[in-house]
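S.K.: Here the protein sequences line up with chains A and B, keeping their order.
Its first residue numbered 96, the first sequence is counted upward by one per residue in our numbering.
Its first residue numbered 450, the second sequence is counted upward by one per residue in our numbering.
By construction, the Cβ of each residue, glycine as well, lies at the ideal position given by its N, Cα and C atoms.
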Amino acid sequence: MTASPETIDQICKLLEPFNSTGKVLTPDTEIATDLNIDSVAVMDFVMEVEDHFDIEIPLNVVSETHSIGDLAAVVDARVKKA
Amino acid sequence: MIDLLDKHKPIAERHARMMAMGVNAVGLTNDKILSPTRAMINGRETILAGTNNYMGITFDADCIKAGQQAMAEFGTGTTGSRIANGSYALHKELEAELGLFLNRKHCIVFTTGYQANLGMISGLAGPKDTIFLDADSHSSIYDGCTLSGAKLVRFRHNDATDLDKRLTRSEGEEGGRLVVVEGIYSMLGDRAPLADFVAVKKKHGFQLLADEAHSFGVLGPHGRGLADEAGVEDDIDFIVGTFSKSVGAIGGFGAGNHPLFETLRYAMRPYMFTASSSPASIATSIAAIKKLAAEPERRDRLRANSARLFAGFKGLGLDMGCDTVSPVIAVKCADEVSTIAMWNALLEAGVYVNIALPPGTPNKLCLLRCSVSAAHSFDDIDKIIALFGKVVASRAAA
């Protein structure tokens, strides 16, 4: 699955407020482990992504989505479907 | 070889940091329980203000007698599940008593409240269904959702409009839809706006489950919970609750009027594959539920105590968890280190409250959480307020 650069950019923008590590975000950044974001905050972040793109990303999908690139691919697939 | 416990090292480090600051805030030992509101902790008599013992019923003479008698008559344990070993007459009696209290046709009791949510949610929803759960739901709800295999959609806390939006997005998908909310949320003490959720239910059509763990016995003219208080009981399909709070025992329940409700007994793994609760616990639950029905003054006392503590904390200018009075009264603190320090100072001054830290809290909050009991005296409440004034308000001002 590949994601569009625009989607990746937008996800990085939405993720920045949750990133307290100062690490630079790339498609390979693992959202929970690299950025030390706890499970509840990851779900809160995904809610922001859902609302921005007006799509549903069920928690079951979130738990299998680790990197920014993975999430962007999920978003692209779901935006297209809607 | 990869050591399986390696992944927990960050937890061990966080715990070590807490231990370095004083006593173990998440592993406290009550050396002796003196009453529903007093314990000996670290050699000191301490006011208990973090027990969820809302009715203060744990030392009630009738409940103790009922438990002792059941233990003498039925033994110390049931040694198996109700499916494999059969029910005890006491289980049936408890379910009948509870059905009467709740005004529900069917009740199923579980060994713990945690299992009640696991069982009910996984029994109701399956892999083809969708569960919409409040973002601030208790872990037992999240775990029940995971066990169900259903599609999980999380909506913004207490936000019926957000739920409406998410239901609209998933319109036309296969399977049934279950919405899960709580009566009183355990961390901040706020209530679900049930009437708003019922309006969304009428618009979209789904089945609605309310977890009344912290509101059962506490809210409503009959003490049946938030649905009773809000006057929407007919619109709540399923109620879940616990015996470990207002009832002062251990166990949980699911209740409803659905004609197929009893079938859930053969579809809920957390009911089928665990031993049923001990005779003493079942018997004390029966006795306590009779008391909740017969002694509404316990609720009045709890309400008066809660209002007094809430007003006292407000008067100190503390940052409260929510704007409505309930027996769960939380104070927001600046950060983890200062919260642990204040918790320690409160304990040393003779009052025990709960400490709640992320990710166990919503929005990364650090909380000092009190739970009020009907057994607290006004004098106890005033002491708690005074100690929070000394320890918490002064620090916030500094």
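Expressed to the nearest angstrom, what Euclidean distance is found between the alpha-carbon atoms of B:Phe687 and B:Asp592?
M.R.: Translated into the one-based positions of the second sequence, residue 687 of chain B becomes position 238. Translated into the one-based positions of the second sequence, residue 592 of chain B becomes position 143. Looking at the two C-alpha atoms, the distance is approximately 18 Å.
S.K.: Does the region 772–785 of chain B come close enough to the region 755–764 of chain B that 3 or more CB-CB pairs lie under 8 Å?
M.R.: Segments in contact, yes.
S.K.: Extract the residue ranges of the beta strand (DSSP E) inside the region 529–602 of chain B, only unbroken runs of 3 or more that lie entirely within it.
M.R.: For the region 529–602 of chain B, whole beta strand (DSSP E) runs of length 3 or above, ordered along the chain, are 555–559, 579–583.
S.K.: Three or more C-beta pairs under 8 Å: does that hold for the region 502–520 of chain B against the region 694–707 of chain B?
M.R.: Short answer: they touch.
S.K.: Have a look at B:Ala835 and B:Thr495 and give me their C-alpha separation to the nearest angstrom.
M.R.: Here residue 835 of chain B is taken as the residue at index 386 of the second sequence, counted from 1. Here residue 495 of chain B is taken as the residue at index 46 of the second sequence, counted from 1. Taking the straight line joining both Cα atoms gives about 15 Å.
S.K.: In whole angstroms, give me the CA-to-CA distance for A:Thr116 and A:Thr124.
M.R.: By 1-based counting over the first sequence, the position of residue 116 of chain A is 21. By 1-based counting over the first sequence, the position of residue 124 of chain A is 29. Between A:Thr116 and A:Thr124, the C-alpha separation is close to 12 Å.
S.K.: For B:Asn706 versus B:Arg553, is the C-beta distance shorter than 8 Å?
M.R.: Along the second sequence, read from residue 1 onward, the residue named residue 706 of chain B stands at position 257. Along the second sequence, read from residue 1 onward, the residue named residue 553 of chain B stands at position 104. Closer than 8 Å, so yes.
S.K.: Indicate whether the contact test is met: 3 or more Cβ pairs, each with one atom in the region 475–488 of chain B and one in the region 814–832 of chain B, closer than 8 Å.
M.R.: The region 475–488 of chain B is in contact with the region 814–832 of chain B.
S.K.: Let's test the definition: count the other Cβ atoms within 10 Å of the Cβ of B:Gln517 and tell me whether it reaches 16, buried, or not, exposed.
M.R.: By 1-based counting over the second sequence, the position of residue 517 of chain B is 68. Its Cβ having fewer than 16 others within 10 Å, B:Gln517 is exposed.
S.K.: Sorted by chain position, which residues of the same chain lie with C-beta nearer than 8 Å to B:Met636's C-beta, five sequence neighbours on each side aside?
M.R.: In the second sequence, counting from the first residue as 1, residue 636 of chain B sits at position 187. Excluding sequence neighbours, B:Met636 sits near Asp585, Gly770, Val777, Ala779, Ala805, Gly809, Thr810, Pro811, Leu814, Leu816, Arg818.
S.K.: Tell me, please, whether the CB atom of B:Arg714 is closer than 8 Å to any CB atom in chain A?
M.R.: Position 265 of the second sequence, counting from 1, holds the residue named residue 714 of chain B. Judged by the 8 Å Cβ criterion, B:Arg714 is not in contact with chain A.
S.K.: Mind checking if B:Val602 is an interface residue toward chain A, Cβ cutoff 8 Å exclusive?
M.R.: Looking up residue 602 of chain B in the second sequence gives position 153. It does: the Cβ of B:Val602 has a partner Cβ on chain A nearer than 8 Å.
S.K.: Just how far apart, CA to CA, sit B:Glu622 and B:Leu612?
M.R.: Taking the second sequence and counting its residues from 1, one reaches residue 622 of chain B at position 173. Taking the second sequence and counting its residues from 1, one reaches residue 612 of chain B at position 163. Each residue's alpha carbon lies about 16 Å from the other.
S.K.: Report the rounded CA-to-CA distance for A:Thr128 versus A:Pro153, giving the unit in angstroms.
M.R.: Residue 128 of chain A sits at position 33 when you count from the first residue of the first sequence. Residue 153 of chain A sits at position 58 when you count from the first residue of the first sequence. Using only the alpha carbons, I get a separation of about 20 Å.
S.K.: Specify the secondary structure class of B:Phe759 as computed by DSSP and reduced to three states.
M.R.: Looking up residue 759 of chain B in the second sequence gives position 310. Three-state result, B:Phe759: helix.
S.K.: Please report the straight-line C-alpha distance between A:Asp171 and B:Thr691, rounded to a whole angstrom.
M.R.: Residue mapping note: residue 171 of chain A aligns to position 76 of the first sequence, counting from 1. Residue mapping note: residue 691 of chain B aligns to position 242 of the second sequence, counting from 1. Distance between the alpha carbons of A:Asp171 and B:Thr691 is about 43 Å.
S.K.: Please report the Cβ distance between B:Leu627 and B:Leu658, rounded to the nearest whole angstrom; I am assuming they are in contact, meaning their Cβ atoms lie under 8 Å.
M.R.: Here the question's residue 627 of chain B lines up with position 178 in the second sequence. Here the question's residue 658 of chain B lines up with position 209 in the second sequence. Yes, they are in contact, since the Cβ atoms of B:Leu627 and B:Leu658 sit about 6 Å apart, within 8 Å.
S.K.: Closer than 8 Å, CB to CB, is A:Val88 near chain B or not?
M.R.: One cannot answer for residue 88 of chain A here, as it falls past the ends of chain A, which runs 96 to 177.
S.K.: I want to verify the contact list: residues of chain A whose CB lies under 8 Å from the CB of B:Arg615, in sequence order.
M.R.: In the second sequence, residue 615 of chain B corresponds to position 166, counting from 1. Ordered by position in chain A, the residues that pass the 8 Å Cβ test against B:Arg615 are Glu151.
S.K.: With a threshold of 8 Å between beta-carbons, can B:Arg531 be considered close to chain A, or not?
M.R.: Position 82 of the second sequence, counted from the first residue, corresponds to residue 531 of chain B. No, B:Arg531 does not count as interfacial toward chain A.
S.K.: Have a look at B:Leu751, B:Lys541, B:Pro576, B:Ala644 and flag the residue whose alpha-carbon is nearest the alpha-carbon of B:Ile685.
M.R.: Counting from one through the second sequence, the residue named residue 685 of chain B turns up at place 236. That would be B:Ala644, whose Cα lies nearest to the Cα of B:Ile685.
S.K.: Just verifying my parser: in three-state terms, what is the DSSP assignment at B:Val630?
M.R.: Locating residue 630 of chain B in the second sequence gives position 181, counting from the first residue. B:Val630 falls in the strand class under three-state DSSP.
S.K.: Name the chain A residues whose beta carbon is nearer than 7 Å to that of B:Arg553?
M.R.: Along the second sequence, one-based indexing puts residue 553 of chain B at 104. Those do not exist, as B:Arg553 stays about 30 Å from chain A at its closest Cβ, beyond 7 Å.
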